[in-house]
Amino acid sequence: MELSLYERLGGSEGITKIASDALDLHLKHPAIATRYSKSNIPELKKAAANFFIMGTGGPNVYEGKDMLTTHKGMNISDVEFNAVIDDILQALEMNNVGQKEKEEVLFVLYSMKKEIVAV
Ligand code: HEM
Numbered sequence: 001m002e003l004s005l006y007e008r009l010g011g012s013e014g015i016t017k018i019a020s021d022a023l024d025l026h027l028k029h030p031a032i033a034t035r036y037s038k039s040n041i042p043e044l045k046k047a048a049a050n051f052f053i054m055g056t057g058g059p060n061v062y063e064g065k066d067m068l069t070t071h072k073g074m075n076i077s078d079v080e081f082n083a084v085i086d087d088i089l090q091a092l093e094m095n096n097v098g099q100k101e102k103e104e105v106l107f108v109l110y111s112m113k114k115e116i117v118a119v
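Under full-length UniProt numbering, think of the first position of the sequence shown as 1, with each following residue one higher.
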């Protein structure tokens, strides 16, 4: 049987590193950096890691809000959504994640677009 995406991304440790790298890239990304100017970055990194741990088939450790509630009223654009996805793909590459796993993550991220953009 194939291992879960969670396991193939390096489990909780691997995903925590990927989420942290992705957030660091967001903070340097001109299209989206200001969105996080009031955020508690360590807390947000933890929430992002836990969300991905749960969403890839790991333990159910996420205690944050659902994606629609989180992003409602933020008026997020397509450009911003693409910027977030670019950063996450770059973080996956920085952590030597394989092509198949990158494609699976991209698919999961893209499927959440309708709960995030212009909601
Ligand atoms: C598939 C794409 C995305 C995913 C999976 C995602 C995921 C998350 C998660 C898990 C949280 C934490 C919620 C909580 O702690 O309750 C969050 C918060 C947030 N997200 Fe997203 N997000 C995505 C796209 C975006 C985009 C495109 C933007 C705008 C550039 C954005 C801006 C924010 C902001 C500003 C917060 C709140 C930060 C805070 O409370 O300090 N997100 N997101």
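Glycine residues also receive a C-beta, built at the ideal position from the N, C-alpha and C atoms.
Notebook entry, point to check: How many Å lie between Asp66 and Glu103 at the Cα?
Noted result: To locate residue 66, count along the sequence shown from 1; it is residue 66. To locate residue 103, count along the sequence shown from 1; it is residue 103. When rounded, the distance between both Cα atoms is 23 angstroms.
Check: Among Glu101, Ala118, Val117 and Leu44, which has the Cα closest to the Cα of Leu3?
Finding: Here the question's residue 3 lines up with position 3 in the sequence shown. Per the Cα distances, Glu101.
Check: In its own chain, which residues sit with a C-beta less than 6 angstroms from the C-beta of Ala83, not counting the 5 before and 5 after it?
Finding: Within the sequence shown, numbered from 1, the residue matching residue 83 stands at position 83. Only His29, Ala31 and Ile32 meet the Cβ criterion.
Next item on the list: Please determine, among Val117, Leu106 and Met94, the residue with the shortest C-alpha to C-alpha distance to Ile18.
Entry: Within the sequence shown, numbered from 1, the residue matching residue 18 stands at position 18. When only C-alpha atoms are compared, the closest one is Met94.
Check: Between Tyr62 and Met54, what straight-line distance do the alpha-carbon atoms span, to the nearest angstrom?
Finding: Taking the first residue of the sequence shown as position 1, residue 62 is located at position 62. Taking the first residue of the sequence shown as position 1, residue 54 is located at position 54. Their Cα atoms are separated by approximately 6 angstroms.
Notebook entry, point to check: Can the beta-carbon of Tyr6 be found closer than 8 angstroms to that of Gly58?
Noted result: One-based indexing of the sequence shown puts residue 6 at position 6. One-based indexing of the sequence shown puts residue 58 at position 58. Closer than 8 angstroms, so yes.
Next item on the list: Kindly list the residues whose CB is nearer than 7 angstroms to the CB of Val108, restricted to its own chain and excluding five residues on each side of it in sequence; keep chain order.
Entry: The count along the sequence shown starts at 1 and reaches residue 108 at position 108. Cβ within range, chain order: Gly55.
Notebook entry, point to check: Whose C-alpha, out of Phe81, Thr69 and Ser12, is nearest the C-alpha of Lys45?
Noted result: Position 45 of the sequence shown holds residue 45. Among Phe81, Thr69 and Ser12, the Cα nearest to that of Lys45 belongs to Ser12.
Check: What residues in its chain sit with their C-beta under 7 angstroms from that of Leu23, if we drop five residues either side in the sequence?
Finding: Numbered from 1 along the sequence shown, position 23 holds the residue referred to as residue 23. Closer than 7 angstroms at the Cβ level, and outside the excluded window around Leu23, lie Ile41, Leu44, Lys45 and Ala48.
Next item on the list: Just confirm the distance between the C-beta atoms of Leu25 and Gln99, as a whole number of angstroms; I'd bet it's less than 8 angstroms.
Entry: Within the sequence shown, residue 25 is the residue found at index 25, counting from 1. Within the sequence shown, residue 99 is the residue found at index 99, counting from 1. Not confirmed; about 20 angstroms, so no contact.
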